[in-house]
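Inspection log for the structure reproduced underneath, given as structure tokens.
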Amino acid sequence: MSSVAPARSDQGEAPAPSRGVADRIFSLNLRQNGIYVAFALIVALFAILTHGDLLSPENMSNVLVQNSYILILAIGMILIIIAGHIDLSVGSVVAACGAISAVLMVNHHMAWPLAVVLTLIAGAIIGAWQGYWIAYFEIPAFIVTLAGMLVFRALTLTVLGNQGIGPFPDQVRTLANGFLPGYFGNVGLGALGGADLFTLLVGVIAVVGIVGTQWRARQGRAGYGQKVEALPLFIVKMALAALVVMFIVIQLARFKNLPVVLVVLTVLVLAYTLVTTRAVFGRHIYAIGGNLQAARLSGIKTKSVVFWLFVNMGVLAALAGIIFAGRLNQAGPTAGTNFELDSIAAAFIGGAAVQGGVGKVVGAITGGLIMAVINNGMSLLGAPSERVMLIKGLVLLAAVAFDIWTKRRAGASR
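The opening residue of the sequence shown carries number 1 in our numbering; numbering runs sequentially from there.
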């Protein structure tokens with residue numbers, strides 16, 4: 001039986017399929033790494049405009065501490081968006097849980113560890129209430145959490161009586177504003193002055209961990225016959241990552257060591273990254289967001305997964321509420337205003353897809369940091385609040401437009 005060979009170019013290759021593969025790889029890399037390039041460019045722009053003030057040790061520490069609660073919320077929000085839902089109530093839940101913690105610690109003089117645990121349980125109950133209606137009654141999350149935004153804001157006003165409650169115990173204020181002690185003293189860095197040795201060692205360990213994890217992941221993909229980036233490109237990426245991490249760590253070490261809340265945030269990022277990349281529950285989240293019907297037919301308990309996602313969001317909102325109240329040293333009725341918008345924006349800017357099924361915890365953190373740098377950079381420049389809102393809105397629109405563009409490009413290359 002004779003067969004007809006496919007037409008080839010003069011070089012003996014079929015160029016069209018190669019271009020298709022190249023386009024898909026380009027779209028994938030652009031979508032995965034574009035957010036980090038954008039972040040670097042934004043930081044560089046504001047560093048130039050502020051004459052280096054953005055990257056000063058004190059300012060970098062302030063940026064991390066002041067936006068820690070938004071980054072915590074972004075971790076929970078990215079999981080909900082990956083699953084194809086949304087949560088508009090997190091700002092009100094932050095306020096309600098902050099008020100609960102204040103009543104327990106300040107009014108009733110409860111020991112702060114017990115009060116923190118009870119507040120986290122209260123957040124879980126709030127999340128379970130909303131998750132029940134969304135998962136089992138199948139009411140759209142937009143409606144349920146919009147109702148929750150009103151209900152829990154009203155609860156906050158009821159608990160606080162339209163006034164703030166404070167001050168908080170020193171331990172809670174330390175969680176929000178404190179720094180780790182210098183365990184090993186300072187070490188000289190020449191023209192940069194002194195820096196905490198323990199913080200520098202933590203930075204070195206972090207770099208080794210990042211490089212080791214990425215190398216193992218690369219080798220694993222190569223072992224399964226998947227395409228991996230060229231070794232020189234991998235080395236360059238790891239060198240840049242190490243440079244960025246050590247620069248941040250050195251600046252923090254030169255100021256007041258590692259913020260306590262940064263340690264909490266790092267633990268959360270590592271834990272949720274492991275859940276989303278290694279755990280069965282994480283794979284179920286992506287499956288539900290990618291194709292709900294297919295996930296159901298494959299045996300995934302979709303209702304249970306969605307329910308626990310909102311319970312998790314409630315716990316993280318409670319933690320953010322405690323940290324925010326501790327930072328201000330009082331729980332106020334207006335706490336958490338617009339926090340839901342900032343956390344949603346962080347998720348979408350960080351690479352989440354509007355339809356669900358796509359997103360990473362690290363991407364959400366990067367998106368939150370982009371918003372933080374814009375806020376801080378515009379503040380250093382003395383820009384009015386309306387201009388800050390304008391820039392943040394345009395950045396969010398550009399991020400979603402970029403997501404849609406990369407999808408269309410990937411679809412056209414198939």
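In this text, a Cβ means the ideal position worked out from N, Cα and C, and glycines have one as well.
Just so we're clear, the structure is a prediction, and the values are computed from it rather than from any experiment.
Query raised in the report: Contact between the region 87 to 103 and the region 316 to 326: three or more CB pairs below 8 Å?
Result: yes
Query raised in the report: Is the beta carbon of GLY131 sitting closer than 8 Å to the one on PHE255?
Result: no
**Report entry** Straight-line gap, SER56 to VAL37 (C-alpha atoms, nearest Å)
**Finding:** 21 Å
**Report entry** Residue range of the alpha helix (DSSP H) that includes GLY127
**Finding:** 112 to 135
Report task. Would you grab the beta carbon distance between LEU252 and THR199 for me? Rounded to a whole angstrom, and I think it's under 8 Å. Result -> 6 Å
Requested in this report: Helix, strand or coil for ALA7, going by three-state DSSP, please let me know.
Outcome: Confidence is the limiting factor: at ALA7 the pLDDT is only 45, short of 50, which leaves the residue's position unreliable, though a coordinate-based value still follows. It is coil, neither helix nor strand.
Requested in this report: Taking only the alpha-carbon atoms, compute the straight-line gap between GLY282 and GLY363 and give it to the nearest angstrom.
Outcome: 16 Å
Requested in this report: Let me know if THR366 comes out buried or exposed under the rule of 16 or more other beta-carbons within 10 Å of its beta-carbon.
Outcome: buried
Report task. Measure the alpha-carbon distance for GLY314 versus TYR224 and round it to whole angstroms. Result -> 38 Å
Query raised in the report: Hey, GLY336 and LEU175: beta-carbon distance below 8 Å or not?
Result: no
Query raised in the report: Using DSSP with H/G/I as helix, E/B as strand and the rest coil, what is PHE198?
Result: helix
Query raised in the report: Where does PHE168 sit, in a helix, a strand or coil, going by DSSP?
Result: coil
Query - Exposure label - HIS284; buried when at least 16 CB within 10 Å - result: buried
Query raised in the report: Which residues in the same chain as ILE25 place their Cβ atom closer than 8 Å to its Cβ, once the five residues preceding and following it in sequence are excluded?
Result: Here the model assigns ILE25 a pLDDT of 46, short of 50, so the residue's position is not dependable, and the following value carries that caveat. If we look at ILE25 and ignore the five residues flanking it on each side, its Cβ neighbours are LYS227.
Query raised in the report: Roughly how many angstroms separate the alpha carbons of PHE39 and THR277, rounded to a whole number?
Result: 23 Å
Query - Selected residue, minimal CA-CA separation from VAL311, among THR145, ILE48, GLN330 - result: THR145
Report task. Indicate the three-state DSSP secondary structure (helix, strand or coil) for GLU13 in the structure shown. Result -> Low confidence applies here, because GLU13 scores a pLDDT of 43, under 50, leaving its location unreliable; read the following figure in that light. DSSP places GLU13 in coil when its eight states are reduced to three.
**Report entry** Residues that DSSP places opposite ALA99 in a beta bridge
**Finding:** BP columns for ALA99 are empty, so no partner.
Report task. Run the CB neighbour count on ASN375, radius 10 Å, all protein chains shown included, and call it buried at 16 or more, exposed below. Result -> buried
Query raised in the report: If you run the structure through DSSP and keep just helix, strand and coil, what is ALA287?
Result: helix
Query raised in the report: DSSP beta-bridge partners for ALA331?
Result: ILE165
Query raised in the report: Can you tell which of LEU297, LEU118, ALA102 has its C-alpha closest to the C-alpha of THR156?
Result: ALA102
Requested in this report: Pick helix, strand or coil for ASN186, following the three-state DSSP scheme.
Outcome: strand
Query raised in the report: By the 10 Å Cβ neighbour count, where 16 or more other Cβ atoms means buried, how is ILE100 classified, buried or exposed?
Result: buried
Query raised in the report: Does the beta-carbon of ALA401 have 16 or more other beta-carbons within 10 angstroms, so that it is buried, or is it exposed?
Result: exposed
Requested in this report: Please determine if the region 59 to 74 and the region 257 to 267 are in contact, where contact requires at least 3 C-beta pairs separated by less than 8 Å.
Outcome: yes
Query - Inter-residue Cα distance where the pair is ASP196 and TYR183 - result: 8 Å
**Report entry** Closest Cα partner of ARG408 within the set ASP87, LEU341, VAL208, ALA353
**Finding:** ALA353
Report task. Would you tell me roughly how many angstroms separate the C-alpha atoms of THR119 and PRO232, rounded to the nearest one? Result -> 49 Å
Query raised in the report: Going straight from the alpha carbon of ASN257 to that of ILE344, what length do you get?
Result: 30 Å
Query raised in the report: For PHE339, does the count of other Cβ atoms within 10 angstroms reach 16, so buried, or fall short, so exposed?
Result: buried
Requested in this report: Give the range of the alpha helix (DSSP H) segment to which SER343 is assigned.
Outcome: 339 to 349
Query raised in the report: If you compare alpha carbons, which of ARG173, LEU274, LEU114 is closest to VAL260?
Result: ARG173
Report task. Using the Cα positions of THR158 and ILE121, report the straight-line distance between them to the nearest angstrom. Result -> 20 Å
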